[in-house]
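J.: Below you will find the structure I want to go over with you.
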Amino acid sequence: MSDKTISPVTPVAVTQQVISAAAVSVALEAAVARAESIGVRINVAVADSGGNLAGFLRMPGAFLQSIDIAIDKAYTAAGFGFSTKDWMKLVGHDEGMKLGFSARPRLVVFGGGLPIRAGGALIGGIGVSGASEAQDEECARAALDAIGAE
163 MSDKTISPVT
173 PVAVTQQVIS
183 AAAVSVALEA
193 AVARAESIGV
203 RINVAVADSG
213 GNLAGFLRMP
223 GAFLQSIDIA
233 IDKAYTAAGF
243 GFSTKDWMKL
253 VGHDEGMKLG
263 FSARPRLVVF
273 GGGLPIRAGG
283 ALIGGIGVSG
293 ASEAQDEECA
303 RAALDAIGAE
């Protein structure tokens with residue numbers, strides 16, 4: 163046993179906000195609706211703020227390989243709290259970071275993954291894959307708009 167004890171003012175647990183199941187459902191449907199309106203087929207995933215898969219939809223005919231990409235975009239955006247397309251801006255010309263991060267499983271460094279925030283708190287991430295980066299992000303933004311997320 164350790165001689166260290168937790169003082170009464172030190173929390174043993176902290177509260178973590180996560181996206182609700184109802185919001186996940188609305189976000190998924192909104193992303194698919196936008197994809198339909200622009201004539202593309204997508205896979206869309208929502209992760210909670212812990213990076214856990216909270217929901218997923220695949221449009222018939224969407225690329226099978228994009229299933230994991232959508233899930234990983236949601237995971238990346240939820241885990242780091244910024245758009246997946248912003249990764250290369252942050253890395254810049256640092257070759258060590260480029261090599262190191264590219265070796266990380268599940269990390270996506272191109273567009274289509276967005277963090278989901280409510281009241282400034284990170285509550286999850288959404289990832290869309292199957293169209294162009296711009297179209298993927300358009301579908302993801304439509305999802306955020308549908309749930310009133312930031």
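If you're matching positions, the sequence shown starts at 163 in the numbering used here and goes up one per residue.
The C-beta atom is built at its ideal place from N, Cα and C for all residues, glycine as well.
1) Around the Cβ of glycine 287, are there at least 16 other Cβ atoms within 10 angstroms (buried) or fewer (exposed)?
2) Please determine, among Gly243, Asp230, Pro222, the residue with the shortest C-alpha to C-alpha distance to glycine 212.
3) Which two residues bound the contiguous beta strand (DSSP E) that contains leucine 252?
4) Can you list, in chain order, the residues of its chain whose CB lies under 7 Å from that of arginine 196, leaving out five sequence neighbours each side?
5) Distance, Cα to Cα, alanine 184 vs valine 208?
6) Let me know the secondary structure DSSP gives aspartate 210 once reduced to three states.
7) Indicate the three-state DSSP secondary structure (helix, strand or coil) for serine 291 in the structure shown.
8) For leucine 252, count the other beta carbons within 10 Å of its own beta carbon; 16 or more makes it buried, fewer makes it exposed. Which is it?
9) In or out: alanine 265 buried (at least 16 other Cβ within 10 Å) or exposed?
10) Measure from the alpha carbon of lysine 235 to the alpha carbon of each residue in Thr246, Leu226, Gln227, Phe225, then state which is nearest.
11) In this structure, how does DSSP classify arginine 203 when only helix, strand and coil are distinguished?
12) Quick one: Cα of alanine 232 to Cα of lysine 260, how far?
13) Give the DSSP-derived three-state secondary structure of glycine 273 in the structure shown.
14) According to DSSP, which residues form a beta bridge with leucine 215?
15) Kindly indicate which three-state DSSP category alanine 239 falls into: helix, strand or coil?
16) With distance defined between alpha-carbon atoms, name the residue in Ile278, Gly262, Gly273 nearest to glutamine 179.
T.: From the atom records:
1) buried
2) Put simply, of Gly243, Asp230, Pro222 the residue whose alpha carbon is nearest the alpha carbon of glycine 212 is Gly243.
3) DSSP places leucine 252 in no beta strand (DSSP E) but in the uninterrupted alpha helix (DSSP H) bounded by 249-253.
4) Glu300, Cys301, Ala304
5) Roughly 12 Å between the two C-alpha positions.
6) strand
7) strand
8) Leucine 252 comes out exposed.
9) With fewer than 16 other Cβ atoms within 10 Å, it is exposed.
10) When only C-alpha atoms are compared, the closest one is Thr246.
11) coil
12) 21 Å
13) coil
14) Ala209
15) In this structure, alanine 239 counts as helix in the three-state DSSP scheme.
16) Ile278
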